[in-house]
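The structure appears below as structure tokens.
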Amino acid sequence: MANTSPDSDEIEWNVNVEILLFYAMMGSKPVGVSRNITMLTIHQRFCEYINKQIRSSVIWKHLDSMYDMA
């Protein structure tokens with residue numbers, strides 16, 4: 106059985122991790138009415154790429170620091 110609880114609320118954002126986030130976002134933009142549904146896909150891909158469970162709020166927070174998500 107897979108562990109579904111997040112290991113951490115924080116992640117060390119470096120260039121390699123950001124590239125993995127961009128790979129996870131390829132073809133998906135977390136904007137508009139379906140932004141939360143799209144984030145589910147991005148979150149799942151990103152957690153697979155980094156081999157660590159994190160909360161989607163960590164991704165939202167980082168994207169908000171890079172872009173005007175309002």
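Numbering (this note's numbering), first residue to last: 106 to 175.
We put the CB at the ideal spot given by N, CA and C, even for glycine.
Neighbourhood of residue i by C-beta distance below 8 Å, restricted to the same chain and skipping five residues each side
i: Ser133; result: Thr143, Thr146, Ile147
Burial state of residue i, where buried means 16 or more other Cβ atoms lie within 10 Å
i: Ser129; result: In the sequence on display, residue 129 carries Ala and not Ser. Its Cβ being crowded by 16 or more others within 10 Å, Ala129 is buried.
Sequence-distant residues of its chain with Cβ nearer than 7 Å to residue i (five each side left out)
i: Leu125; result: Phe151, Tyr154, Ile155
i: Trp118; result: His167
C-beta neighbour in chain C for residue i, strict 8 Å
i: Ser133; result: Included in the structure is just one protein chain, with no chain C present.
Spatially closest choice to residue i from the options, by CA coordinates
i: Trp165; options: Pro135, Val122, Val120; result: Pro135
i: Val122; options: Ala175, Val163, Arg140; result: Val163
Legend entry - Minimum length 3: unbroken beta strand (DSSP E) runs contained in the segment 110-138: none
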